[in-house]
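Everything on this sheet refers to the single structure shown next.
Residue numbers (the numbering used here): 1 to 189.
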């Protein structure tokens, strides 16, 4: 679209320039006294040569001026649209990277929580074996561990989703999956 707007702008700008046209004609006429004489070789030939130059300069051409203004505005609008798309891509990539980094940190945090819950459960099991804890407390610690593991699995799933989103935004889906396209558009895996 931007290339088309540039072409239209150059065309509008070019139409505001003066024009120089050169025109030429050559005519050959045979003249005789009668119709049959024009076919004989004793007839006179008359040659005419004409050359002309025409210069056209647009003075006060409101239609040309408005066409040029419109083309200039459409070109600026196309440039702004391209810039807007570039900024949108930058924002999407930054957001995908940020989400990927956040997901990584969440995995580390939930893994630490799982480790902590496992240690707490192990300590509670020792207390239960010696009779210092109840089965209710032991069950509560097992539930806490299972919830921590569940949060950790959700964090891993979130990371995988963020990674897929990142690949999509960066545009490397085919490379990440080792897929190549042939010249005729068929897939090679």
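Cβ atoms here follow ideal geometry from the backbone N, Cα and C, with glycine treated the same way.
Cβ-Cβ distance between residue i and residue j below 8 Å
i, j, result
"residue 107", "residue 162", "no"
"residue 159", "residue 96", "no"
"residue 20", "residue 55", "yes"
"residue 1", "residue 80", "no"
"residue 138", "residue 125", "yes"
"residue 28", "residue 47", "yes"
"residue 135", "residue 127", "no"
Cutoff 7 Å; reference residue i; Cβ partners in own chain excluding five residues on either side
i, result
"residue 6", "75"
"residue 64", "15, 16 and 58"
"residue 149", "114"
"residue 111", "152"
"residue 12", "67, 68 and 71"
"residue 49", "26"
"residue 191", "Residue 191 lies beyond the stretch modelled for the chain, which goes from 1 to 189, so this question has no answer here."
"residue 9", "71, 72 and 75"
"residue 131", "none"
"residue 82", "2"
Helix, strand or coil at residue i according to DSSP, with G and I counted as helix
i, result
"residue 21", "strand"
"residue 16", "coil"
"residue 7", "helix"
"residue 160", "helix"
"residue 182", "coil"
"residue 46", "strand"
"residue 172", "coil"
"residue 64", "helix"
"residue 134", "coil"
"residue 55", "strand"
Residue closest to residue i, alpha-carbon to alpha-carbon, out of the options
i, options, result
"residue 51", "57, 62 and 26", "26"
"residue 103", "123, 152 and 57", "152"
"residue 157", "129, 178, 177 and 99", "99"
"residue 164", "93, 83, 122 and 180", "93"
Close beta carbons around residue i, own chain, < 6 Å, minus the five adjacent residues each side
i, result
"residue 22", "53"
Residue i at chain B interface by Cβ criterion, 8 Å
i, result
"residue 96", "Among the protein chains of the structure shown there is no chain B, as only one such chain exists."
Neighbourhood of residue i by C-beta, 8 Å cutoff - its chain only, sequence neighbours within 5 removed
i, result
"residue 61", "16"
request  = Check whether the stretch 134-151 touches the stretch 164-175, counting contact only when three or more Cβ pairs, one atom from each stretch, lie closer than 8 Å.
outcome  = no
message = Does the stretch 108-127 come into contact with the stretch 58-72, if we say contact requires no fewer than three beta-carbon pairs (one atom in each stretch) closer than 8 Å?
response = no
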